[in-house]
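Its first residue numbered 952, the sequence shown is counted upward by one per residue in this note's numbering.
All remarks here apply to the structure that follows.
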Amino acid sequence: MAGRRITLTTRILISLGIGVAAGLVVHQFPGSAWMKTWLVDGVFAAGGQLFLRGITMLVTPLVLVSITAGAAKLGDVRKVGRIGMQVFVLYLLTTLMAVSAAVAVASLTQPGAGLDLSHVTREAPVAHERLTAAQMLLEMVPANPFKSLVEGNMLQIIVFALLCGMGLSALGAQGAGMVGVVDGCNDMLLKVVGYVMLFAPVGVFCLVARTFATTGFTAMAPLAKYMGTMVLVLAVQLCVVYAGLLAGLARVNPLRFFRKFFPAFTVAFSTSSSYAALPVTLKTVEENVGVSEEVASFTIPLGATINMDGTAIMQGVATVFTAQVFGVHLGTMELLTVVLTATLASIGTAGVPAVGLVMLTMVLQSVGLPIEGIGIIIGIDRILDMTRTAVNVTGDAVCTTIVAKRCGQFDEALFAAD
Ligand code: ASP
């Protein structure tokens, strides 16, 4: 499986390179009507749109099913009481910190400044309707969940899914059959994500070629800045937030922690999948870091499902970037919506490659930004997926270690041993 994934990654990277080159060549012939009509607005646009439609097709069902499945497992959180609640709060707090930092840094570095793609999208970007906090709260509750599904109102779908999941977990054994069905649907949809990703090399080529054919070299600098911003925020999350929490809340040496956790970090990096890394993460946290099996066996799988700080960072930076390239101003209320929806989207993101990008559509839609924003960043997302997945699993291990240490479930001697 890993071999196939690496092959796909390589194929996407190659098509990214060819797409950039093809786009730049086409850009050299601004007067050619043939190239503009048939190539840029014909083949490139159609191939790119086909891929984007494939991704968009999956968002609504995936949000409904993955969040219901996740919330159905919250029954376990209650079962393990104190430990469960502590780790849940830590997971949520670290994600909120991550996405807030992402939005703040991206607003400062302005990665999208200088690139104007407002003409690339067919739909005009819709400025988000300004709502008061009370209206926003009211808007989150669906009057008719089926209407929310048809309209793709993500916040309403999330609220409905959370409530359904909680209902399922409250049913206990009686709800087990239905939980199985929901889990099955989740697995099925993830398979379909895999099928759509098979088309990614073609889709990436078309999207990137169209971007560079339209903008030429002007697209290079913003994309490099986008990558730089992302890597900067991911590094801050690792070296400042996690190191600070480990030293402050758990009183463990962060450097030693990172050294001992390194095997899991590298597996997450190379597979771009929190789920694929799960067995190694579990083993590393228990056998190298020193967390008891009782705690880790519950908190690490939960974290691989709901705690995705690296993904939340990507969604925050990507949304601000998209707003900048489409010339949409995001006010305080919109930025708060981004923080909230990116937190929820990262919770709903499955720990497999590229799903964070699918869930990004939900964040973009929540503030009325065109999903074409994804088309610009998808080419370089494969590399960033590796880095954010490594941060995702590190976040799970950090929160687990803090809780284990505070609950007396941590083996100091094992942690100190080389
Ligand atoms: N690849 C990520 C993970 O498995 C999810 C994502 O952001 O796409 O953790």
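Cβ atoms here follow ideal geometry from the backbone N, Cα and C, with glycine treated the same way.
When the Cα atoms are used, L1189 and L1122 turn out to be separated by approximately 39 angstroms.
Within the segment 1246 to 1285, no run of beta strand (DSSP E) reaches 3 residues while sitting entirely inside it. For the pair T961 and G1330, the Cα-to-Cα distance works out to about 11 angstroms.
Of I1264, F1168 and V1016, the smallest CA-CA separation from V1133 is found for V1016. As for any alpha helix (DSSP H) of minimum length 4 sitting wholly inside the segment 1282 to 1356, the runs are 1283 to 1299 and 1306 to 1317, ordered along the chain. Closest option to L1114, judged by alpha-carbon separation, among A1175, G1278, A1022 and L1013: A1022.
Burial check for F1212: the Cβ neighbour count within 10 Å reaches 16 or more, so the residue is buried. In the three-state scheme derived from DSSP, where H, G and I count as helix and E and B as strand, F995 is classed as helix. For V1242, the pairing in a beta bridge is given by DSSP as F1361. The beta-carbon distance between T1312 and V1010, rounded to whole angstroms, is 5 angstroms. This is short enough to meet the 8 angstroms contact definition. Looking from the CA of G1065, the closest CA among D1362, A1348, F1277 and V1354 belongs to F1277. Less than 7 angstroms separates the beta-carbon of A1201 from that of T1352. Judged by DSSP in its simplified three-state form, K1024 adopts coil rather than helix or strand.
Taking C-beta atoms as the reference points, V1014 and G1267 fail to come closer than 7 angstroms.
In this model, I1322 and E1102 are separated by some 15 angstroms (Cα to Cα). When the alpha-carbon of N1343 is set against those of T1045, E1238, N1095 and E1245, the nearest one is in T1045. Annotation: G1282 to A1127 spans about 44 angstroms, alpha carbon to alpha carbon.
Annotation for A1269 indicates a beta carbon at 6 angstroms or more from all heavy atoms of the ligand ASP. Shown here, R1161 sits in a helix according to DSSP, grouped into three states. Inter-residue distance for G1299 and G1254 is about 12 angstroms (C-alpha atoms, whole angstroms). The beta carbon of V1309 is closer than 7 angstroms to those of I1006, L1009, V1010, L1013 and V1144 in its chain, skipping five residues each way along the sequence.
Below 8 angstroms, too few C-beta pairs join the segment 1033 to 1045 and the segment 1154 to 1168 to call them touching: fewer than three. The beta carbon of V1184 lies closer than 6 angstroms to those of A1052, A1053, V1056 and I1264 in the same chain, with the five residues before and after it left out.
Comparing alpha-carbon positions, the option among K1098, V1092 and L1119 lying closest to I1109 turns out to be V1092. Within 6 angstroms of the C-beta of N1137 there is not a single heavy atom belonging to the ligand ASP. The straight-line gap separating the alpha-carbon atoms of E1363 and V1240 is approximately 9 angstroms.
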